[in-house]
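So for the sequence shown, our numbering puts the first residue at -12; every next one is plus one.
Glycine included, every Cβ here is placed at the ideal spot set by N, Cα and C.
These numbers come from a predicted model, not from an experiment.
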Amino acid sequence: MPESVAKSVQQHEAYLGLGANLANPVAQLQNAIAALRLLKQSTLLAVSGLYGSKPMGPQDQPDYVNAVAKVSTTLSPLALLDALQQIEQQQGRQRKAERWGPRSLDLDILLYGNHTISNERLTVPHYGLTKREFVLYPLAEIAPKLVLPCGTPLQTLLSQVPLNGLEKLSATVCE
């Protein structure tokens, strides 16, 4: 490989939020993790345990199953987003206008290195990262010493966000 090409390929660590509350949510997350293992130009580095959480927004829907994964990738943030949305679609995700409605699979880019991104398609760090227990606690499981791009330690956020009924499940991503 020419030296100029080798230098242009940069690895980024990204943290991804996974959630589902339809169509066997545990299996949905297990299948999503299997798809992340095969993600082009990426390596799956870590996956949290599975957590059960109450739905945001409308309460007349099933509880969610959530997890966080860490990948190393050479994909750009938007290419990674496209790949995640393709996985969602392959697993039956139908995007509807209803915010916080039920879904078979939701994959979000929580963090992409120390980058801050804000455009019409993507906001990183994820806009809900600092307030959502179903993201913070699984994230802390795989990256307890993480410091956000703004300089706030993850542990500081954990002390400010209650569990709100979040439970670690006995099911795992490997079953």
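Nearest neighbour of L153 by Cα position, chosen from T61, I129, N8 and P125, turns out to be P125.
Under the 10 Å beta carbon count, V134 is surrounded by fewer than 16 other beta carbons and is classified as exposed. The segment 71 to 79 makes no contact with the segment 50 to 63; the number of CB pairs closer than 8 Å stays below 3. Per DSSP, the continuous alpha helix (DSSP H) segment holding N18 begins and ends at P12 to R24. At least 9 Å separates the beta-carbon of T117 from that of L109. Contact annotation, G79 with A33: C-beta distance approximately 26 Å; criterion of less than 8 Å not satisfied.
A straight line joining the alpha-carbon of L144 with that of K155 spans about 19 Å.
Secondary structure within the segment 33 to 115: the alpha helix (DSSP H) runs of 4 or more consecutive residues, fully enclosed, are 64 to 77 (chain order). DSSP, read as helix, strand or coil, puts L153 in coil. The beta-carbon distance between T159 and L37, rounded to whole angstroms, is 7 Å. This is short enough to meet the 8 Å contact definition. Among the bridge pairs identified by DSSP, A127 is matched with none. Excluding the 5 residues flanking it on each side, L31 has same chain C-beta neighbours closer than 6 Å at L23, R24 and V58, in chain order. In this structure, the CA atom of E0 is about 18 Å from the CA atom of S105. With a contact defined as Cβ atoms closer than 8 Å, Y114 and P64 miss out at about 15 Å. The three-state reading of DSSP puts L144 in helix, counting H, G and I together. The alpha carbon of D93 has as its nearest neighbour, out of T103, E107 and L68, the alpha carbon of L68. At the C-beta level, P149 and E120 come within 9 Å of one another. Take Q48, set aside five residues on each side of it, and the residues of its chain with a beta-carbon closer than 8 Å to its own are N8, P42, G88 and P89, in chain order.
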